[in-house]
Amino acid sequence: MRKRLLFLTVAAFALIASGCGKINDIKITSCQLDSITPQGLRGIKACVLAGVDNPSMSFTINDISGSIYYKGEKYLDYTADPVTINKKSSDTYPVNCEGRVAKGVSVFSILSAGMNFDKRLISVDINATIKAKSMKKKLKLSQVPLEDIEKAIKLQKTK
67 MRKRLLFLTV AAFALIASGC GKINDIKITS CQLDSITPQG LRGIKACVLA GVDNPSMSFT
127 INDISGSIYY KGEKYLDYTA DPVTINKKSS DTYPVNCEGR VAKGVSVFSI LSAGMNFDKR
187 LISVDINATI KAKSMKKKLK LSQVPLEDIE KAIKLQKTK
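Note that the numbering used here has the sequence shown beginning at 67, numbered continuously upward.
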């Protein structure tokens, strides 16, 4: 009886550990600006297409907000709609965002930066809540270059 209980405990632990290992294999495969539209004199609506390769369980990203910097200068504060990432998939997800232009920056300079979208010149602050089943994790990143976002998120997962 004891051997059977020990075997079941070890087997359950191995299954849980192998399932959690796949969480670290989630990758952001692409990020591109799909559309950008001015909303009055100080507002912007945009849709960003994010490619995600998820070999793990489904999860939802909620309470998304932050700031966007272009060439080190704060350009806008944003919020985004929640996004649900499908389990065991490799898909592209539209992320709908709204933003308020920072003081001293015009909507036209935002539109110009959007037309010349270069991940090397853009950095972001991201605050979000990631929820999967009964697990919940806060994500907070500050002035991370857009081209390094996947690496920064992986570092955040290990904390």
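We treat Cβ as the ideally placed atom computed from N, Cα and C, and that holds for glycine.
- Lys154 sits in coil when the DSSP states are folded into three classes, being neither helix nor strand.
- A Cβ-Cβ distance of about 4 Å is found for the pair Cys163 and Ala146, placing them in contact under the 8 Å criterion.
- Going by beta carbons, Lys199 and Met123 fall inside the 8 Å limit.
- Boundaries cannot be given for Lys137, as no beta strand (DSSP E) includes it and DSSP labels it neither H nor E.
- Membership of Met201 in the beta strand (DSSP E) is indicated by the continuous run Met201 to Pro211.
- The residue among Ile151, Lys111 and Asp143 with its C-alpha nearest the C-alpha of Ile94 is Ile151.
- The alpha-carbon separation between Ile92 and Ile196 amounts to approximately 13 Å.
- In the structure shown, Ile92 adopts coil according to DSSP, grouped into three states.
- Fewer than three beta-carbon pairs drawn from the segment 116–130 and the segment 167–174 are found closer than 8 Å, and the two stretches are therefore not classed as touching.
- In the three-state reduction of the DSSP assignment, Asp214 falls in the helix class, which pools H, G and I.
- Thr103 and Thr158 have their C-alpha atoms some 21 Å from each other.
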